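2 protein chains.
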Amino acid sequence: MRGTPRAAPGGYAALVQPSDDPRTRRAPAAVTLRDVADRAGVSLATASRVLNGSDRVVRPDLAARVGQAAAELRYVSNGPAQALARARTNVVGLVVHEVDDPYFASIAAGAMRVATEHGLLTMLASTFRDPGREVEYVQRFQAQRVRAVLLAGSGRLAGAAELDRALGEFGDGGGRVALVSERGLPFDTVLPANARGAAQVARLLHDLGHRDVGVVTGPADLRTVADRLGGFLDAWASLGRDRDAVAVAEGDFSRAGGHAATLTLFERHPHLTAVFALNDLMAVGALSALQSDLGRRVPEDVSVVGFDDLWLAADLQPALTTVRLPLEQMGARAMELVLTEAGDAPRRVPVGAELILRASTGPARAA
Amino acid sequence: MRGTPRAAPGGYAALVQPSDDPRTRRAPAAVTLRDVADRAGVSLATASRVLNGSDRVVRPDLAARVGQAAAELRYVSNGPAQALARARTNVVGLVVHEVDDPYFASIAAGAMRVATEHGLLTMLASTFRDPGREVEYVQRFQAQRVRAVLLAGSGRLAGAAELDRALGEFGDGGGRVALVSERGLPFDTVLPANARGAAQVARLLHDLGHRDVGVVTGPADLRTVADRLGGFLDAWASLGRDRDAVAVAEGDFSRAGGHAATLTLFERHPHLTAVFALNDLMAVGALSALQSDLGRRVPEDVSVVGFDDLWLAADLQPALTTVRLPLEQMGARAMELVLTEAGDAPRRVPVGAELILRASTGPARAA
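Chains A and B supply the protein sequences, listed in that same order. Mapping the first sequence onto full-length UniProt numbering, position 222 (from 1) lands on 222, and the numbers just tick up by one. Mapping the second sequence onto full-length UniProt numbering, position 79 (from 1) lands on 79, and the numbers just tick up by one.
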């Protein structure tokens with residue numbers, strides 16, 4: 001609970017206390033939980049369970065005696081602020097889409113490092129892209145009275161009324177919320193430059209002479225997908241090219257999904273000279289599909305570009321050209337947002353995207 | 001709470017209930033929490049908070065009325081067994097060493113899939129290899145009344161008295177514990193074949209004619225390191241070779257650590273023809289150090305072998321020969337252990353290791 005004012009034991013103190021005790025004659029003094037326990041003839045632990053709430057069951061007759069004693073001693077709450085401070089644990093909850101996706105693992109690592117520096121523990125939950133489970137975890141974290149919740153996954157384009165409500169309730173109760181990626185929600189948000197990063201890819205491929213280009217997209221209902229695909233197509237159009245001529249196949253942001261989508265793409269459009277996968281994991285699948293399944297050389301026959309710059313991008317065969325997002329820093333910034341004073345309005349923290357040129361891209365082969 | 005007997009609401013039921021209600025004359029019927037709430041003139045939620053425990057604060061006068069009503073109605077606990085069942089949440093805690101290490105991410109994904117199939121949520125905690133934080137997380141999970149705790153990281157060779165105690169207390173309180181990797185603790189354990197897998201590597205390299213072999217080890221105090229290194233050296237000796245002639249440099253199980261340790265190894269022993277990294281992450285670093293920093297070809301100049309068969313092993317440059325552990329299955333088995341009836345004695349579930357030959361190994365070059 002470092003950095004947070006601690007409540008009096010139990011978050012209660014007397015406002016006014018008439019008493020015969022000589023110690024308390026000069027001024028009203030706090031009735032302690034010990035006083036209530038003594039009067040009720042129960043242990044301090046039992047009194048605490050009854051008055052402060054507890055997960056342990058208390059015998060009804062004892063609960064009655066404690067309640068009676070507290071009423072007689074006018075043992076009353078010291079106010080919601082202290083109760084709130086008392087109620088927060090030293091835990092921060094972090095919700096991601098896929099725990100075994102290095103994108104989220106890196107964001108989580110950055111967030112956890114900052115939490116650790118502040119003496120906080122982090123609990124990570126993975127929704128496996130199930131929106132219902134996202135809501136369930138937020139509510140579970142709320143029930144555990146975590147200090148803050150971070151949501152690291154992309155939001156959906158369609159409404160997420162339940163999630164909005166769950167986060168809102170958590171926030172109303174004094175919990176802090178921060179998001180990584182745009183969700184259109186009124187909370188502090190770290191905003192990666194998805195559209196601008198994708199635009200850089202369009203310009204790179206165009207400069208290299210590629211005209212027959214395919215995109216391996218992620219789930220169409222994700223904002224991140226819309227931002228990256230839109231950024232690429234807008235830039236492609238601004239270069240004087242036909243955005244509708246760009247071939248598109250949908251993956252699911254996984255390696256296997258990128259592999260399958262790349263096979264689909266080349267079955268329909270065998271003459272593509274470049275593939276832009278909207279994340280690195282799918283680019284790994286694209287490299288495998290092209291080189292192992294389709295017998296294409298990368299980059300001599302087909303150039304491949306990813307997005308994210310996962311730590312393993314440079315170790316791939318060939319090393320992957322991609323758009324770097326500062327993933328650990330994004331997680332760290334989100335954690336910092338919930339550990340500092342909230343602003344009057346939700347804060348928006350943009351983070352840049354940088355094109356990293358490696359061996360998987362080259363000039364378009366002659367048609 | 002699927003698969004678990006549910007307690008009556010609140011874990012309470014009347015044992016005997018004298019009543020004037022004609023419905024209950026024939027036999028004692030359960031007094032419900034609703035009955036208590038009605039008699040006390042409070043909401044069901046308030047009655048539940050007082051009698052079942054809650055994190056929310058209840059006004060003392062209301063607590064007194066509820067306690068009184070419960071006493072008058074003889075609303076009593078239905079016994080510790082039900083209270084225990086009620087007291088467990090639908091959450092399982094999972095503790096790993098490094099959240100951004102794909103080894104743990106895969107184990108976590110397998111465990112989480114099984115949990116999800118059983119309607120349970122999983123909260124993951126990463127210790128960043130800090131033993132103190134491991135204890136802290138176990139205690140935090142206990143305070144949250146999670147149903148079970150899984151520890152997925154290797155144990156240490158030296159005593160871990162605090163952790164033993166924390167797990168023991170959690171187990172004594174009815175929580176379930178399962179471990180992935182040997183810890184020498186009396187809990188259900190999933191046991192990867194670390195020593196036998198490493199022995200296969202020794203035989204492979206020997207068969208390929210390698211005699212000048214180096215090992216990039218992990219932290220020396222980890223059981224997994226001792227098992228893998230010992231398995232390799234024992235097999236090497238059984239092949240008639242001098243185990244003391246095997247060059248060793250210590251990494252920290254990370255890519256960067258493997259990179260640095262490989263540079264150290266070849267500075268001291270430039271004539272090595274093969275490197276065995278005790279996990280794949282360090283093998284990735286070894287590949288990078290050899291090819292990018294030292295200008296060695298893999299496998300023509302130096303063969304490289306890893307351990308774990310992370311999902312990315314086949315995508316590396318060159319594709320990595322390694323020992324496959326069924327990581328997702330290991331996580332799944334551990335989760336299954338805590339979801340089934342406990343045995344009389346701790347169960348030990350061995351899982352196999354399989355040598356996977358890829359492009360990073362070849363015959364030793366002539367001296």
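Beta carbons are placed, not taken as given, at the ideal position from N, Cα and C, and that holds for glycine. No experiment lies behind these values; they were computed from the predicted model shown.
Closer than 9 angstroms at the beta carbon, the chain B residues around arginine 255(A): Trp311, Leu312, Asp315
Pick helix, strand or coil for alanine 274(B), following the three-state DSSP scheme. strand
Taking all protein chains shown into account, decide if proline 363(B) is buried (16 or more other Cβ within 10 angstroms of its Cβ) or exposed. exposed
For alanine 178(A), which three-state DSSP category applies? strand
Would you kindly report the start and end of the unbroken beta strand (DSSP E) that includes leucine 191(A)? 188-192
Quick one: what's leucine 163(B) bridged to in DSSP? Looking at the DSSP assignment, leucine 163(B) forms no beta bridge with any residue, so it has no partner.
Could you name the residues of chain B that leucine 151(A) contacts, counting a contact when the two beta carbons are closer than 7 angstroms? The contact set of leucine 151(A) on chain B, defined by CB atoms closer than 7 angstroms, is empty, because the minimum CB distance reaches about 15 angstroms.
Would you say serine 288(A) lies against chain B (beta-carbon separation less than 9 angstroms)? yes
Please tell me whether serine 126(A) has its Cβ less than 9 angstroms away from any Cβ of chain B. yes
Looking at the C-beta of leucine 272(A), does it have a partner C-beta in chain B at a distance below 9 angstroms? Contacts with chain B at 9 angstroms (Cβ-Cβ) do not include leucine 272(A).
Using a Cβ-Cβ cut-off of less than 9 angstroms, list which residues of the segment 156-167 of chain A approach chain B; keep chain order. none
Between the segment 281-300 of chain A and the segment 254-262 of chain A, are three or more C-beta pairs nearer than 8 angstroms? yes
How is aspartate 308(B) classed by DSSP in three states: helix, strand or coil? strand
Among the candidates Thr46(B), Leu73(B), Tyr75(B), whose CA atom is the shortest distance from the CA of leucine 62(B)? Thr46(B)
Could one say the Cβ of proline 102(A) lies closer than 9 angstroms to chain B's Cβ atoms, at least one of them? Chain B, which has a Cβ nearer than 9 angstroms to the Cβ of proline 102(A), makes this yes.
Below 8 angstroms on the Cβ atoms is my guess for valine 302(A) versus leucine 325(A); work out the distance and round it to an integer in Å. Actually they are not in contact, since the Cβ atoms of valine 302(A) and leucine 325(A) sit about 24 angstroms apart, beyond 8 angstroms.
Report, in whole angstroms, the separation of the C-beta atoms of aspartate 353(A) and valine 114(A), which I expect to be a contact under 8 angstroms. The question names aspartate, yet the displayed sequence has alanine at residue 353(A). Incorrect: roughly 22 angstroms between the Cβ atoms, too far for contact.
Residue span of the beta strand (DSSP E) that contains glutamate 354(B), given as start and end: 354-356
Over what stretch of residues does the beta strand (DSSP E) that includes glycine 214(A) continue unbroken? 213-217
Does threonine 321(B) come within less than 9 angstroms of chain A when only Cβ atoms are used? The Cβ of threonine 321(B) sits no closer than 9 angstroms to any Cβ of chain A.
Backbone secondary structure at glycine 173(B) - three-state DSSP: coil
If you measure between the beta carbons of phenylalanine 104(B) and methionine 123(B), is that distance less than 9 angstroms? no
Excluding five sequence neighbours on each side, which residues of the same chain lie with their C-beta closer than 8 angstroms to the C-beta of arginine 268(B)? Ala247, Ala249
Own chain, CB closer than 6 angstroms to aspartate 280(A), minus 5 neighbours either side, in chain order: Excluding sequence neighbours, aspartate 280(A) sits near Gly306, Asp308, Leu310, Ala313, Thr322.
Below-9 angstroms beta-carbon distance, alanine 105(B) vs any chain A residue: Yes, alanine 105(B) counts as interfacial toward chain A.
DSSP three-state label for glycine 241(B), please. Residue identity differs from the one stated: residue 241(B) is arginine in this sequence, not glycine. Coil.
Checking contacts by CB at 9 angstroms: is leucine 294(A) closer than that to chain B? no
For leucine 151(A), which residues does DSSP report across the bridge? Listed as beta-bridge partners of leucine 151(A) by DSSP are Val95(A), Leu179(A).
Hey, would you say valine 135(B) sits closer than 9 angstroms to glutamate 98(B), going by beta carbons? no
Sequence-distant residues of the same chain with beta carbon closer than 6 angstroms to aspartate 234(A), five excluded per side: none
Between arginine 243(B) and chain A, is there a C-beta pair that is closer than 9 angstroms? no
DSSP puts proline 350(A) in a beta bridge; with which residues? Leu191(A)
Endpoints, beta strand (DSSP E) assigned at valine 323(A): 322-324
Asparagine 279(A): CB within 8 angstroms of a non-hydrogen atom of the ligand SAH: Summarising the ligand content, the structure contains no ligands, and the ligand SAH is consequently not present.
Is it right to say glycine 67(A) is buried, meaning 16 or more other beta carbons lie within 10 angstroms of its own, or is it exposed? Here glycine 67(A) is buried. Its C-beta has 16 or more other C-beta atoms within 10 Å.
Taking only beta-carbon atoms, is proline 28(A) less than 9 angstroms away from chain B? Because the pLDDT at proline 28(A) is just 39, under 50, the model does not fix this residue reliably, and the value given afterwards should be weighed accordingly. Chain B contact via Cβ: absent.
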